[in-house]
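Peer 1: Mind looking over this structure? Questions follow.
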Amino acid sequence: LDVGLTERIFDVNFFSILCGIRDLLSVSSNKMQFIAISSSSAFKGSGVEGIGYSASKAALSIAFESLHQKFVGKHSFKVVFLGPVNFGMTPFKKGFPLSISVDTAVSGILKAVRGTRVLYFYPALLFYFIKITKLFPSDLYFKILSKMESFHVRMERL
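Position 104, counted from 1, in the sequence shown is what full-length UniProt numbering calls 104; the numbers after and before it change by one each time, with no gaps.
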């Protein structure tokens with residue numbers, strides 16, 4: 001358990017963003033829009049990715065939901081949740097199932113910029129699957145999660 005690494009991940013993925021929002025809110029009285037880019041990892045733990053990434057994305061997502069409620073009518077806070085995006089940073093040599101293209105990711109972010117919803121999910125099917133499995137009994141949920149992690153590791157090797 002590398003607590004130092006987890007702290008560094010939180011510094012980048014969570015605290016730096018909150019500090020930026022605080023600083024922007026302190027210098028402007030204009031209505032502003034903030035959009036967080038989150039991940040499918042915000043909805044599930046991962047032994048492969050480690051605790052820092054998933055936990056920081058979950059924390060950021062919940063923070064933006066809270067900020068939305070706190071500043072409703074004054075400022076806009078939105079979250080775009082992205083599943084795997086095919087743009088070369090994933091460890092997979094072949095395309096990952098239910099991954100999206102860079103164009104789809106950009107289009108989703110632009111929909112959030114122009115839209116009125118608070119939460120956006122791409123690809124929707126992946127997020128429906130994750131959310132539904134969370135409703136299963138915990139032993140079944142973790143069995144499914146374990147299979148997903150095993151698949152993740154196998155895909156990295158291909």
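Think of the CB as a built atom: it goes at the ideal place given N, C-alpha and C, for glycine as much as any other residue.
#1: Quick check on Phe136: does DSSP put it in helix, strand or coil?
#2: Over what stretch of residues does the alpha helix (DSSP H) that includes Ala112 continue unbroken?
#3: Just checking, does the region 101 to 111 make contact with the region 59 to 66 on the three C-beta pairs under 8 Å criterion?
#4: Tell me whether the beta-carbon of Phe64 lies closer than 9 Å to the beta-carbon of Val118.
#5: Give the straight-line distance between the Cα atoms of Thr86 and Lys143, rounded to the nearest whole angstrom.
#6: Quick one: grab the DSSP three-state call for Ser28.
#7: Going by Cα to Cα distance, which pick from Leu5, Lys78, Glu7 is closest to Arg114?
#8: Just how far apart, CA to CA, sit Leu25 and Met155?
#9: In the DSSP output, what is Ala36 paired with across the bridge?
#10: Please report the distance separating the alpha-carbon of Phe151 from that of Ser66.
#11: Report all residues from its chain with a CB closer than 6 Å to the CB of His68; omit the five preceding and five following residues, and keep chain order.
#12: Could you name the residues that DSSP lists as bridge partners for Val85?
#13: Within 10 angstroms of its Cβ, does Lys131 collect 16 or more other Cβ (buried), or is it exposed?
#14: Going by the beta-carbon positions, is the gap between Phe81 and Phe121 smaller than 9 Å?
#15: Report all residues from its chain with a CB closer than 7 Å to the CB of Leu5; omit the five preceding and five following residues, and keep chain order.
#16: If Gly83 sits next to Leu145, beta carbons under 8 Å apart, how far is it from one beta carbon to the other, in whole angstroms?
Peer 2: Once the coordinates are examined:
#1: Here residue 136 is taken as the residue at index 136 of the sequence shown, counted from 1. Coil, per DSSP.
#2: Taking the first residue of the sequence shown as 1, we reach residue 112 at position 112. Counting along the chain, the alpha helix (DSSP H) containing Ala112 begins and ends at 102 to 114.
#3: no
#4: The residue you call residue 64 lines up with position 64 of the sequence shown. The residue you call residue 118 lines up with position 118 of the sequence shown. Closer than 9 Å, so yes.
#5: Your numbering for residue 86 matches position 86 in the sequence shown. Your numbering for residue 143 matches position 143 in the sequence shown. According to the sequence provided, residue 86 is Asn. The question's Thr does not apply to it. About 27 Å.
#6: Counted from its first residue, the sequence shown places residue 28 at position 28. In this structure, Ser28 counts as coil in the three-state DSSP scheme.
#7: As a first step, residue 114 is located in the sequence shown; it is residue number 114 there, counting from the start. Of Leu5, Lys78, Glu7, the residue nearest in Cα terms is Lys78.
#8: The residue labelled residue 25 in the question sits at position 25 within the sequence shown. The residue labelled residue 155 in the question sits at position 155 within the sequence shown. Leu25 and Met155 have their C-alpha atoms some 43 Å from each other.
#9: Counting from 1 along the sequence shown, the entry for residue 36 is found at position 36. Partner(s): Val79.
#10: Position 151 of the sequence shown holds residue 151. Position 66 of the sequence shown holds residue 66. C-alpha separation (whole angstroms): 34 Å.
#11: Along the sequence shown, one-based indexing puts residue 68 at 68. Phe77, Val118, listed in sequence order.
#12: What you label residue 85 is simply residue 85 of the sequence shown in a count that begins at 1. The beta-bridge partner set that DSSP reports for Val85 consists of Ile100.
#13: Here residue 131 refers to the residue found at position 131 of the sequence shown. It counts as exposed.
#14: Translated into the one-based positions of the sequence shown, residue 81 becomes position 81. Translated into the one-based positions of the sequence shown, residue 121 becomes position 121. Yes; because the gap between Cβ atoms is below 9 Å, this pair is in contact.
#15: Stepping through the sequence shown from its first residue, residue 5 is reached at position 5. Counting only Cβ-Cβ distances below 7 Å, and skipping sequence neighbours, we find Gly52.
#16: Numbered from 1 along the sequence shown, position 83 holds the residue referred to as residue 83. Numbered from 1 along the sequence shown, position 145 holds the residue referred to as residue 145. Not really, about 15 Å apart at Cβ, beyond 8 Å.
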